[in-house]
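Everything on this sheet refers to the single structure shown next.
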Amino acid sequence: MSFLVAVGISVGLLAGLWAGVSTQYASLGLITFVGFLSWASFYADGGKVKGLKDSLILNFSGVIWAWIIVYLFTALTPALGVIVALSLAVAIGAAGMCWQAHVSFLGFIPGAFIGCSAYFATGFDFKGTVISLIAGAILGYLSEQGALTLQKVTKKK
314 MSFLVAVGIS
324 VGLLAGLWAG
334 VSTQYASLGL
344 ITFVGFLSWA
354 SFYADGGKVK
364 GLKDSLILNF
374 SGVIWAWIIV
384 YLFTALTPAL
394 GVIVALSLAV
404 AIGAAGMCWQ
414 AHVSFLGFIP
424 GAFIGCSAYF
434 ATGFDFKGTV
444 ISLIAGAILG
454 YLSEQGALTL
464 QKVTKKK
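Going left to right, the sequence shown walks through residues 314 to 470 as our numbering numbers them.
Spelled out as structure tokens, the structure:
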């Protein structure tokens with residue numbers, strides 16, 4: 314079986330499970346779409362342990378940058394007005410997410426933007442965003458491992 318077929322099966326099964334569990338237990342802070350964003354981050358970074366590590370670290374850094382953007386916006390708005398404060402806060406945060414890539418383990422820039430976007434999209438739900446980003450990265454890793462196992466057991470001898 315090809316890897317694409319195997320990963321389709323593995324991702325499909327785990328995605329269905331995640332959708333059901335995260336919806337059923339949303340009160341625990343599970344946010345379905347945020348898990349899928351982190352899952353995508355895992356694969357976009359190339360998967361494997363590196364993709365897991367990078368997604369966990371960079372998605373979380375993006376949440377921190379989003380928090381900084383909100384803080385700056387709030388602090389600057391009285392002096393600069395909403396539009397200028399928002400523009401400046403976002404410019405600083407976006408630049409920071411890029412500049413942090415000078416540190417090698419913070420080099421996956423899309424991961425930071427995914428985490429930042431997830432925080433904003435949840436209406437600033439820090440706990441739910443972080444929990445769901447972690448779950449999604451782990452599900453990404455598990456789906457890849459499931460695909461590799463499925464590919465191995467179906468390999469013609």
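Where a beta carbon is used, it is the ideal one built from N, C-alpha and C, also for glycine.
In angstroms with no decimal places, state the Cα-to-Cα distance between residue i and residue j.
| i | j | result |
| --- | --- | --- |
| I396 | G406 | 15 Å |
| A388 | A379 | 14 Å |
| Y384 | L341 | 26 Å |
| L343 | A402 | 28 Å |
| S285 | F439 | The structure shown does not extend to residue 285, since the chain is modelled only from 314 to 470, so the question has no answer here. |
| I422 | F316 | 27 Å |
| A489 | T390 | Since the first and last residues shown for the chain are 314 and 470, residue 489 lies out of range. |
| K363 | I370 | 11 Å |
| L330 | G348 | 12 Å |
| Q458 | A408 | 35 Å |
| L399 | F437 | 15 Å |
Drop a sphere of 10 angstroms on the beta-carbon of residue i, count the other beta-carbons inside from all chains shown, and report buried for 16 or more, exposed for fewer.
| i | result |
| --- | --- |
| T435 | buried |
| V324 | buried |
| G394 | exposed |
| F472 | Any question about residue 472 goes unanswered here, given that the chain covers just 314 to 470. |
| S368 | buried |
| S351 | buried |
| G333 | exposed |
| G424 | buried |
| L326 | exposed |
| G359 | exposed |
Hey, would you say residue i sits closer than 8 Å to residue j, going by beta carbons?
| i | j | result |
| --- | --- | --- |
| A328 | A460 | no |
| L446 | S374 | no |
| A428 | N372 | Reading off the sequence, residue 428 comes out as Gly, not Ala. Taking 8 Å as the Cβ cut-off, G428 and N372 qualify as a contacting pair. |
| Q464 | M314 | yes |
| F426 | M410 | yes |
Grab me the residues of residue i's own chain with a C-beta within less than 6 Å of its C-beta, minus the 5 sequence neighbours each way, in chain order.
| i | result |
| --- | --- |
| Y432 | V376, A379 and T442 |
| I444 | G342 |
Give a yes or no on whether 8 Å exceeds the smallest Cβ distance from residue i to chain D.
| i | result |
| --- | --- |
| S340 | This model lacks chain D altogether, as it is built from one protein chain only. |
Kindly list the residues whose CB is nearer than 7 Å to the CB of residue i, restricted to its own chain and excluding five residues on each side of it in sequence; keep chain order.
| i | result |
| --- | --- |
| G449 | V347, G348, F349, L350, S351 and W352 |
| T467 | M314 |
Compute the minimum distance between the beta carbon of residue i and the heavy atoms of the ligand ATP, and state whether it is under 7 Å.
| i | result |
| --- | --- |
| Q464 | With respect to the ligand ATP, the structure offers nothing, as it holds no ligand at all. |
(message) If contact is defined by three or more beta carbon pairs under 8 Å, each pair taking one atom from either stretch, is the stretch 353 to 370 in contact with the stretch 450 to 458?
(response) Touching, yes.
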